[in-house]
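Trainee: Sequences listed follow chains A and B, in order.
Numbering-wise (the working numbering), the first sequence opens with residue 795 and increments by one.
Numbering-wise (the working numbering), the second sequence opens with residue 14 and increments by one.
My questions will all concern the structure given below.
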Amino acid sequence: MAVLEKNTMLNLAENTVKAALRLGAAEAEAYVYDGQAVNIGVELGQISKTNRIIDRGIGVRLAANKAIGFAYTNIVNDQNAIETVVARALGAAKASKPDSDWNGLPQKKPYGATVGTFDEKIVALSPEDLVKVTSAMLDAAGGVDKRVFPIEGGVGSGCVSAAIANSSGVTGYDRGTIVECSLAALAKEGGAVTPICFEFNASRNYRLDPEWVGREAAKLAVSALRPKPVESKTAKVILTQFALQDLFAYTLMGAIKADSVQRNQSPFKGKIGEQVASENLTIYDDGLYPAGLRTSVFDGEGVPRQKTPIIEKGVLRNFIYDSYTANKESKESTGNASRAGYLSTPGIETTNFHIASGNKTTEQMFSEVGDGLIIYYLQGAHSSNPVSGEFSVVATPCWRIKDGEIAHSCRGVMLAGNIFDLLKNITVVGGNERQMGSMIAPWVIVENMRVIGK
Amino acid sequence: MKDLLTKITGAATDNFGAQYAEARAQQIAKTMLTLKEERVEAAKQGIENGVAIRVLVNGAWGFASVGSLDAAILEGAVSDACRMAKLAGTRLKIPIKLAPAKAVEAHVVVKPKKDPAEVSVEDKIKTALTINKTILGFDGQIKSCGIDYADLMINSFFVNSEGAGIEQDKLYVWARVTASAQSNGAFTFSREEIGSTKGYELFDEQAPEEIGRTVAKRAVEQISAKSPKGGKFPVVLGPNVVGVFVHEAFGHLAEADLALSGGLLASNMGKKIGSNLVTFYDDGTMEGSFGAFKYDDEGVASQKTLLIKDGVVTGLMHNRDTAHKFNTAPTGNARAEDFRVEPIIRMRCTYMAPRDRTLEELLEGVKSGYYFKSFRGGQASLDGTFQVGIQEGYEIKNGEIGAPVRNASISGNTLETLHKVDSVGKDFHLDRVVVGRGRQLLSVMVDRT
């Protein structure tokens, strides 16, 4: 199935809004989504599977008597199907309770331009091309060391289009591409197995280095062999982007959502303008970041994406809003309403959570740490306390730094603390920025990390 | 539907060179609610349908998912899947082969006492509001609460090129309830999940007020809790934590594909890796449990699978591919969340067989340690490193439960830990959690108090 055309999608969204108003909704919004993806999969070290997914549908949110109803369907082929989904959304609204804080769907605002989020080259990639990329990655991994076993991974390309319309005059259309390759590998020696080590590339443009991905995953796995124990102590640690993303996703990123703040779930409540982190830390939520993995023209309610300062030199500047939470404080939405395709109502999420880079090289950071740990992957970050920010996680694997150099890998090391204390203990921000999911960040050095070893 | 799917799988084998083909058509109807405090954020309804097609060509898989039941679109998808599988197979060293499975023809219907489709959305909102009002009224220190509720009815039709034809209904009712409390700068968070494959009678078995009180009480008690000391301690794990421990620390290692990927169990089959008290099952036949179903997504009948008996590894969880690699029979563990994804090996209801001790007897021998009652998340790695976060825990002093501790987590190596299991209690309860592996979320049971 070909990707739906821009006009087809916009017409579908607009017609659905009209149908909803005709059938009795006071306000209505329609979100049309078309997602297509092709993946080549690696299992047990070989290319053994492929998949293609075509997923399209429509989500209708409407208000009747200030009560909100939502319905979705992937059956979008005729007017009858449209009226059915509208009727279900209306039925849901009528069964629901009025919300006195509801202040209407967002109004039309001019959209900014995005850069580097769509690449025809990705659309044109054939499965043959993707198999070649996957092979290059596997060959590179296999060439590093005989003890390395690529476990799983693959290469995938995707193209997503979205159109939105609402009864307050919003209309929008956007499309984007992404290409990814990733490899999870481990190393075996004697009876010992390392934890899985992972590397990846992900890009909105056709820019991949599969050999680098394969090689780095393999090198990490080899260096994770022959672990030695670590003493329990308070230490200086380098957190790589993997670890930072895991820790922040379940704690800090929740604490800056206006919904958490308004509902007394954020320790940041009432602290705008206060020093909440080390002076080294500046964070933006940037929905328009050039070629950002989460960059788009508008958010899940058709509000323009924007760049919002969150923390500047350690001072808390803003929270992130959708239109509902913004209305409650008589503010403007920051364009942070997010959707899971057509299947969900909008909810507040970060876009590209950008931790501004410093200028330290990785060598300088190792020597700055002197004696400590470098943490790549964490286990159990999702079990952090999302409200208090307390975490207790396992680093698998991590590496010991001695005299400014990596000495050996470690196993079974736990890290415990509170994310809001950790923010104040970030003493160095590196210059090695990279994108990872919803985060753009360099490595950072954290002091006084509680390390629980053998 | 059967004719259409048979035509599709037939085209794969007759025209496009597939050794094996299967098609799984599904129609899914959902009702969802999100409530925050006493506000209904949205009442939601969804209907979707689609087909998952999987073909084996020259020993490699091709998978296609389309959100359509249109014959021409499905024919295009199956031809494309075969072409891509052929392409993937060009560098294959070990072709995939399938262990034999009986070609079942069956029709499985669900007969809930209370069909959620017959319960009005108004009534569902009323139940959810009762839970939230109970939480908010429990204590002044409660600051927020929320409920995500979902019920879904899945009608599936499975056909494969070996003659299987299974129509199967599945019903799920689920809710996640959360609460946060705050006092003197201390923030706490508590959550509970409930669910059933029986029907809406779930809320007759567990009264909404009771669910609310459980969640609220935990959030409030944690305010005065202190952080645990880091280090090695004897612990008593409540059934809820044991369940997630079995799932994370052992269960994933017993998924045959992960065992083949270098996990610890492939080389330990038939060997003793735990104390005599350790017996684990993965069971897909416990009626009403969240992990219960009749046939898996490869058309294989579900069963009760013994994984460890008295400390000795006796079995793994298989799909037809891994069963062939281990020269054994598939166990009915191939599961797919919906038509968007391919079936992978997933746990059903994984649990530890109970023994004879009471909680008091378990506590008795512990001079200084912790009693961990309820978990919040867990994760494991192939080398056997596990972590389980604890949302409700207490100190044990001289055999007695003491002060609450918060945000503890336990970690260790599975093989070392299973040898150290010293005594096992007799309390056995079933709860449900939704657990992720890869990009799929599926329902799995854990045992709990």
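For glycine and all other residues, C-beta sits at the position ideal for the given N, C-alpha and C.
By DSSP, does Ile107(B) sit in helix, in strand, or in coil?
Mentor: Coil, per DSSP.
Trainee: Closer than 7 Å by beta-carbon distance: list the chain C residues that pair up with Glu355(B), in chain order.
Mentor: Checking the listed chains, one finds no chain C in this structure; the protein chains it contains are A and B.
Trainee: Are Thr427(B) and Leu277(B) closer than 9 Å when you measure CB to CB?
Mentor: Yes, the Cβ-Cβ distance between Thr427(B) and Leu277(B) is below 9 Å.
Trainee: Go ahead and pull the three-state DSSP assignment for Gln235(B).
Mentor: Helix at Gln235(B).
Trainee: Less than 8 Å between C-beta atoms, sequence neighbours within five positions excluded: which residues of the same chain meet that for Glu222(B)?
Mentor: Hits under 8 Å: Thr143, Ile144 and Thr147.
Trainee: For the region 140–181 of chain B, list the beta strand (DSSP E) runs that are entirely contained and at least 3 residues long, ordered along the chain.
Mentor: 155–173, all fully within the region 140–181 of chain B.
Trainee: By how many angstroms is the C-alpha of Ala1131(A) removed from the C-alpha of Glu1143(A)?
Mentor: If you take the alpha carbons of Glu1143(A) and Ala1131(A), they lie about 6 Å apart.
Trainee: If the cut is a Cβ gap below 8 Å, which residues of chain B does Met1230(A) touch?
Mentor: Near Met1230(A) there are no residues of chain B at all, since even the closest Cβ is about 17 Å away, more than 8 Å.
Trainee: Could you spell out where the beta strand (DSSP E) holding Tyr1000(A) opens and where it closes?
Mentor: Taken as a continuous stretch (DSSP letters only), Tyr1000(A) belongs to no beta strand (DSSP E), as it is neither H nor E.
Trainee: Start and end of the beta strand (DSSP E) containing Asp968(A)?
Mentor: Start and end: Thr965 to Glu983.
Trainee: Is there at least one Cβ from chain A nearer than 9 Å to Asn7(B)'s Cβ?
Mentor: With chain B running from 14 to 462 in the structure shown, residue 7(B) is simply not present.
Trainee: Roughly how many whole angstroms lie between the Cα atoms of Ala188(B) and Thr1034(A)?
Mentor: Roughly 36 Å separates the two Cα atoms.
Trainee: So with CB distances below 9 Å, who are the chain B contacts of Glu1184(A)?
Mentor: The contacting residues are Phe200, Ser240, Arg419 and Asn420.
Trainee: Alpha carbon to alpha carbon, how far is Gly412(B) from Gly378(B)? Give it in angstroms, no decimals.
Mentor: Roughly 6 Å separates the two Cα atoms.
Trainee: Going by the C-beta, is Met14(B) closer than 8 Å to any heavy atom of the ligand FAD?
Mentor: Ligands are entirely absent from the displayed structure, and the ligand FAD is therefore not among its contents.
Trainee: Tell me the start and end of each unbroken alpha helix (DSSP H) in the region 1144–1191 of chain A that is at least 4 residues and wholly inside, in chain order.
Mentor: As far as the region 1144–1191 of chain A is concerned, its whole alpha helix (DSSP H) runs of at least 4 residues are 1156–1163.
Trainee: So the beta strand (DSSP E) Ala342(B) belongs to, where does it begin and stop?
Mentor: It is not in any beta strand (DSSP E) - Ala342(B) carries neither H nor E in the DSSP assignment.
Trainee: Using 8 Å for Cβ pairs, my map puts Gly1206(A) next to Thr430(B). What's the rounded Cβ distance?
Mentor: No, Gly1206(A) and Thr430(B) are not in contact; Cβ-Cβ is about 11 Å, not under 8 Å.
Trainee: Whose Cβ in chain B lies nearer than 8 Å to the Cβ of Val1187(A)?
Mentor: By Cβ distance, chain B contributes Gln400 and Ser422.
Trainee: Taking the DSSP output, what are the residues bridged to Trp187(B)?
Mentor: DSSP lists Ala163(B) and Gly208(B) as partners of Trp187(B).
Trainee: Output needed for Val1016(A): all residues of its chain with C-beta closer than 7 Å, excluding positions within five of it in sequence on either side, in chain order.
Mentor: Around Val1016(A): Val938, Asp939, Arg941, Val942 and Ala981.
Trainee: I want to verify the contact list: residues of chain B whose CB lies under 9 Å from the CB of Pro1023(A), in sequence order.
Mentor: Here the premise fails: no neighbours, minimum Cβ distance about 12 Å.
Trainee: Would you mind giving the Cβ-Cβ distance between Gly950(A) and Val832(A), rounded to the nearest angstrom? I have them listed as a contact below 8 Å.
Mentor: Sure, about 6 Å apart at Cβ, within 8 Å.
Trainee: Step through the CB atoms of chain B and report whether any lies within less than 9 Å of the CB of His1202(A).
Mentor: For His1202(A), the answer is no, since every Cβ of chain B falls outside 9 Å of its Cβ.
Trainee: Please report whether the beta-carbon of Leu977(A) lies at a distance below 9 Å from any beta-carbon of chain B.
Mentor: False, the Cβ-Cβ gap to chain B never drops below 9 Å.
Trainee: Taking C-beta pairs closer than 8 Å, name the residues in chain A that Lys156(B) reaches, listed in chain order.
Mentor: Near Lys156(B) (Cβ distances below 8 Å), the residues of chain A are Arg1057, Asn1058 and Gln1059.
Trainee: For Asn874(A) and chain B, any beta-carbon pair shorter than 9 Å?
Mentor: No, Asn874(A) does not count as interfacial toward chain B.
Trainee: Kindly identify the DSSP beta-bridge partner or partners of Asp1080(A).
Mentor: Answer by DSSP bridge pairing, in chain order: Lys1101(A).
Trainee: Can you find a C-beta in chain A that's less than 9 Å from the C-beta of Leu165(B)?
Mentor: By this cut-off, Leu165(B) is not an interface position.
Trainee: Where does the unbroken beta strand (DSSP E) through Thr1221(A) begin, and where does it stop?
Mentor: Looking at the DSSP string, the run of the beta strand (DSSP E) that includes Thr1221(A) is Ile1220 to Val1223.
Trainee: Which residues in chain A sit within 9 Å of Ala471(B), going by Cβ to Cβ distance?
Mentor: Because chain B is modelled from 14 through 462, residue 471(B) falls outside the range shown and cannot be assessed.
Trainee: Please report the distance separating the alpha-carbon of Leu17(B) from that of Ser169(B).
Mentor: Leu17(B) and Ser169(B): Cα-Cα distance of roughly 14 Å.
Trainee: Just to confirm before moving on: does the CB-CB distance between Gly1152(A) and Gly1225(A) stay below 9 Å?
Mentor: For Gly1152(A) and Gly1225(A), yes; Cβs fall inside 9 Å.
Trainee: Quick one: which residues of the region 65–93 of chain B get their C-beta closer than 7 Å to a C-beta of chain A? List them in chain order.
Mentor: Within the region 65–93 of chain B, the residues whose Cβ lies closer than 7 Å to some Cβ of chain A are Ala73, Trp74, Gly75, Phe76, Ala77, Ser78, Val79, Gly80, Ile86 and Asp93, listed in chain order.
Trainee: In chain A, what lies closer than 8 Å to Ala55(B) by C-beta?
Mentor: Here the neighbours are Arg855, Ile862, Gly863, Phe864, Ala886, Ser890 and Thr1139.
Trainee: For Met1208(A), which residues in chain B fall below 9 Å Cβ to Cβ?
Mentor: Correct list: Gly243, Gln400, Ser422 and Ser424.
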